[in-house]
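For the sequence shown, the tail end lands on 518 under my numbering, and the numbers increase by one without skipping. Yeah, the Cβ is synthetic: ideal placement off N, Cα and C, and Gly gets one too.
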Amino acid sequence: MKMLKKIILVSFLVLPFFSCSKRTDSLIVGEWMIEDVGQPNVPADAQWTFFDDGRIDIYNDVNGIPNTSIYGDWKAFNRSIVTPYIQIKNTGPKNLDGKWRVERLTKSQLVINRLEFNDGETAGAFMRREFLKK
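If you want it as structure tokens, here you go:
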């Protein structure tokens, strides 16, 4: 009986990490138009596209290459039960790589903040993006 209680307890502790990550994956897949929130020179057609196979296409981002796509990889993960993150890698010389905390994610809105680079460095890493689903 004690063993069964331990198994149930461990299941309740581990399950939220997997389900939250899967929920983030399913909601984030698609095309997202960048919202202009006061940052200078945000192109009207700037967008990020998250594919369900882990690829990302970042088009015309103000920190990217004008009128060009930057390709990379992404995955969702959790640092705690309630805080989803996405990690972006391999975006090349105009580096948008890093660990981005998901501040808001609904069917129509996405807000993310990059809090650190992939090597764990935080100095100069902060970047914010707000999106509306296309």
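- Excluding residues up to 5 positions away in sequence, E514, F515, L516 lie with their Cβ nearer than 7 angstroms to the Cβ of E419 in the same chain.
- Secondary structure of S453 (DSSP, three-state): strand.
- For a cut-off of 8 angstroms, the C-beta gap from V495 to T408 is around 13 angstroms, too long to register as a contact.
- Note on geometry: alpha-carbon atoms of D457 and Q431 lie some 15 angstroms from one another.
- Using a Cβ distance threshold of 8 angstroms, I465 and W484 do not count as a contacting pair.
- When the Cα atoms are used, D436 and W416 turn out to be separated by approximately 14 angstroms.
- Each residue's CA atom was taken as its position, placing V426 and N451 some 12 angstroms apart.
- Contact between K473 and N502 holds: their C-beta atoms lie close to 6 angstroms from each other, under 8 angstroms.
- L499 has its alpha-carbon roughly 6 angstroms from the corresponding atom of T506.
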